[in-house]
Amino acid sequence: MIGLIIAIIAFNLIAFIVNKRLTANQIVHIWIFTTAFQLTFDLYVNFKYHGYWYFTKGVDWKAFPAHAILIPPVNIIFLNWFPYRNLLSKKIIYFIYWDIALVLYEVLTLLPEPWGYFRYGWWDWWYSAAINPILLMILLGYYKWTCKLEEKIVRGQS
Numbered sequence: 001m002i003g004l005i006i007a008i009i010a011f012n013l014i015a016f017i018v019n020k021r022l023t024a025n026q027i028v029h030i031w032i033f034t035t036a037f038q039l040t041f042d043l044y045v046n047f048k049y050h051g052y053w054y055f056t057k058g059v060d061w062k063a064f065p066a067h068a069i070l071i072p073p074v075n076i077i078f079l080n081w082f083p084y085r086n087l088l089s090k091k092i093i094y095f096i097y098w099d100i101a102l103v104l105y106e107v108l109t110l111l112p113e114p115w116g117y118f119r120y121g122w123w124d125w126w127y128s129a130a131i132n133p134i135l136l137m138i139l140l141g142y143y144k145w146t147c148k149l150e151e152k153i154v155r156g157q158s
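In terms of this note's numbering, the sequence shown is residues 1 to 158.
Structure (structure tokens):
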């Protein structure tokens, strides 16, 4: 639990200190989207197929912070630093760096309690390495869609 608390505090502080790009509206959208998307994904991989879990198998209130307030600030950091106006090669390198960082962090969370809080069933780090870029692209697509909706509203074309 100590590792989870430290991660939540650190990621939230970083997200809100370094954010120069995302509006409050975009942050709320990303936060809710991330939580809903993660819970939907975990519903299958975690609860139905027991691929991985937080702390214990099954539904557990102790895992709620990992579902609701750990990943959204990480996504805010990702979107804030994303090289939107750079070449495709820079964007691909950015995705690779993030994928490596996310997998390394995931492996770190496998430490025994009180530092670790994540456990593997049949899941392994290389599944995460393969799926993280897809999840990040979905997040990026959702963010761009949210930005387009905001532009429509500003122009009065809701």
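For glycine and all other residues, C-beta sits at the position ideal for the given N, C-alpha and C.
For this session: Please list the segments of the alpha helix (DSSP H) lying wholly inside the region 12-89, counting only runs of 4 or more residues, in order along the chain.
Result: Qualifying alpha helix (DSSP H) stretches, in chain order: 24-42 and 71-81.
Exercise. Is the region 23-37 touching the region 137-151 in the sense that three or more CB pairs, one from each, lie closer than 8 Å?
Worked result: Contact annotation: the region 137-151 touches the region 23-37, with at least three C-beta pairs closer than 8 Å.
Problem set entry | Reduced DSSP secondary structure (H/G/I, E/B, other) of TYR120 | Position 120 of the sequence shown holds residue 120. When DSSP states are grouped into helix, strand and coil, TYR120 belongs to the strand group.
Problem set entry | Best match in LEU136, ASN80 and LEU108 for proximity to ASN19 [C-alpha to C-alpha] | By 1-based counting over the sequence shown, the position of residue 19 is 19. Ranked by Cα distance from ASN19, the options LEU136, ASN80 and LEU108 are led by ASN80.
For this session: Assuming ASN12 and PRO73 form a contact by the criterion Cβ under 8 Å, report the distance between their Cβ atoms to the nearest whole angstrom.
Result: Here residue 12 corresponds to residue number 12 of the sequence shown, with the count starting at 1. Here residue 73 corresponds to residue number 73 of the sequence shown, with the count starting at 1. About 5 Å separates the two Cβ atoms, so the contact holds.
Problem set entry | LEU139 vs PHE33 beta-carbon contact at 9 Å | Within the sequence shown, the letter at position 139 stands for residue 139. Within the sequence shown, the letter at position 33 stands for residue 33. Yes, they are a contact pair.
Exercise. Is it the case that the Cβ atoms of ALA66 and TYR117 are separated by a distance below 9 Å?
Worked result: Taking the first residue of the sequence shown as position 1, residue 66 is located at position 66. Taking the first residue of the sequence shown as position 1, residue 117 is located at position 117. Yes, the pair counts as a contact, with Cβ atoms nearer than the cut-off.
Exercise. Using CA coordinates, which residue listed in ILE9, GLU106 and LYS57 is at the minimum distance from ASP124?
Worked result: As a working note, residue 124 is residue 124 in the sequence shown. Nearest option by C-alpha distance: GLU106.
Problem set entry | PRO114 to ILE5 span [Cα, whole Å] | Here the question's residue 114 lines up with position 114 in the sequence shown. Here the question's residue 5 lines up with position 5 in the sequence shown. Their Cα atoms are separated by approximately 10 Å.
For this session: Take the Cβ of TYR52 as the centre, count every other Cβ of all protein chains shown within 10 Å, and call the residue buried at 16 or more, exposed below.
Result: Your numbering for residue 52 matches position 52 in the sequence shown. Its Cβ being crowded by 16 or more others within 10 Å, TYR52 is buried.
Problem set entry | Of the residues PHE78, ALA68, MET1 and ILE8, the one placed nearest LEU39, counting alpha carbons only | Numbered from its first residue, the sequence shown carries residue 39 at position 39. LEU39 has its Cα closest to that of ALA68, out of PHE78, ALA68, MET1 and ILE8.
Exercise. Can the beta-carbon of TYR120 be found closer than 9 Å to that of LEU135?
Worked result: Locating residue 120 in the sequence shown gives position 120, counting from the first residue. Locating residue 135 in the sequence shown gives position 135, counting from the first residue. Cβ atoms of TYR120 and LEU135: not closer than 9 Å.
For this session: Please report the Cβ distance between ALA7 and LEU70, rounded to the nearest whole angstrom; I am assuming they are in contact, meaning their Cβ atoms lie under 8 Å.
Result: Residue numbering aside, residue 7 sits at position 7 when the sequence shown is read from its first letter. Residue numbering aside, residue 70 sits at position 70 when the sequence shown is read from its first letter. Yes, ALA7 and LEU70 are in contact; Cβ-Cβ is about 6 Å, under 8 Å.
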